[in-house]
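Numbering (our numbering), first residue to last: 2 to 224.
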């Protein structure tokens, strides 16, 4: 499936086309194992069983990956999770922003299916990893959840809390036969600021680079 993105580099912006063959949704990838345990506990409060291994990896077909904009889900109990996204290609490594939107009611029964029934969001713009790798850990990631017109800061951290791209790619490569070209790798998510999952009407996120003073964003209403 060919998708058109805007690649934002120091020299300017340009339109690129990439074939997206699918995604790998990574989970429990925090560098701080105490934070990982907190996220597992957050999910346990919602009735989700702890993972059999840490980290974990879930496949996603290409038709399930969408840009932001209105999304439609089956039930009332769904929520987003902000994540950085890696796209490996012959020209280099591109970085995007995404949301692993999940059906939390179904998650109590089958985690993989809970991720398959909801769109997985990816930003329309990407960055060149080579331009940000030296200050990678300083890049900030945050999300907001809006429910009944009340907007709350949902997640906030810097990328130092999540496994770095090189390590994440190595772990995913062990699970995927052949090349990773065309596979969108979702990083896993930081812990929540709200003390529990919010079943929002709108989910927003940003990846902010305080060195180059730029950001990637997404914003989608949930129906």
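Cβ atoms here follow ideal geometry from the backbone N, Cα and C, with glycine treated the same way.
Task: Reference residue 2; option with closest CA among 67, 28 and 51 - done: Comparing Cα positions, the closest option is 67.
Open item on the list: Tell me which residue opens and which closes the alpha helix (DSSP H) that residue 86 is part of.
Closed with: Counting along the chain, residue 86 falls outside any alpha helix (DSSP H), though it belongs to the beta strand (DSSP E) covering 83-90.
Task: Alpha-carbon spacing of residue 1 relative to residue 4, whole angstroms - done: Any answer about residue 1 is impossible in this case: the structure gives the chain only from 2 up to 224.
Task: Local conformation of residue 29 per DSSP, three classes - done: Looking at residue 29 - three-state DSSP - the assignment turns out to be coil, as it is neither helix nor strand.
Open item on the list: DSSP three-state label for residue 67, please.
Closed with: If DSSP states are grouped into helix, strand and coil, residue 67 belongs with the strands.
Task: Minimum C-alpha distance to residue 161 - residue among 213, 33, 6 and 60 - done: The option with the nearest alpha carbon to residue 161 is 33.
Task: Identity of the residue in 171, 158, 211 and 172 nearest residue 36 by Cα - done: Minimum Cα distance to residue 36 is reached at 158.
Task: Exposed unless 16 or more other CB atoms sit within 10 angstroms - verdict on residue 54 - done: Counting Cβ neighbours within 10 Å, residue 54 comes out exposed, since fewer than 16 surround it.
Open item on the list: Using the three-state DSSP reduction, which class does residue 109 fall into: helix, strand or coil?
Closed with: Secondary structure at residue 109: coil, using DSSP grouped into helix, strand and coil.
Task: Classification of residue 136 by the beta-carbon crowding that lies within 10 angstroms, buried from 16 upward - done: Burial call: exposed.
Task: Segment limits, alpha helix (DSSP H) that includes residue 21 - done: Secondary structure note for residue 21: it is in no alpha helix (DSSP H), with a DSSP letter that is neither H nor E.
- [ ] Express the C-alpha separation of residue 156 and residue 44 in angstroms, rounding to a whole number.
- [x] Roughly 15 Å separates the two Cα atoms.
TODO: Identify which residue in 153, 141 and 188 has its Cα closest to the Cα of residue 200.
DONE: In this structure, 153 is the residue among 153, 141 and 188 with its C-alpha nearest to the C-alpha of residue 200.
TODO: Using the Cα positions of residue 92 and residue 124, report the straight-line distance between them to the nearest angstrom.
DONE: Taking the straight line from one Cα to the other gives about 19 Å.
TODO: Can you grab the Cα-Cα spacing for the pair residue 26 / residue 214, in whole Å?
DONE: Rounded to the nearest angstrom, the two C-alpha atoms are 28 Å apart.
Task: For residue 208, three-class secondary structure by DSSP - done: Residue 208: strand per DSSP, three-state reduction.
- [ ] Tell me, please, which residues DSSP counts as bridged to residue 156.
- [x] Beta-bridge pairing links residue 156 to 144.
TODO: Measure the CB-CB distance between residue 107 and residue 89 and report whether it falls below 9 Å.
DONE: In this structure, residue 89 does not lie closer than 9 Å to residue 107 by Cβ.
- [ ] Within its chain, find whatever has a CB closer than 8 Å to the CB of residue 13; leave out the 5 residues flanking it on each side and keep chain order.
- [x] No residues qualify anywhere along the chain.
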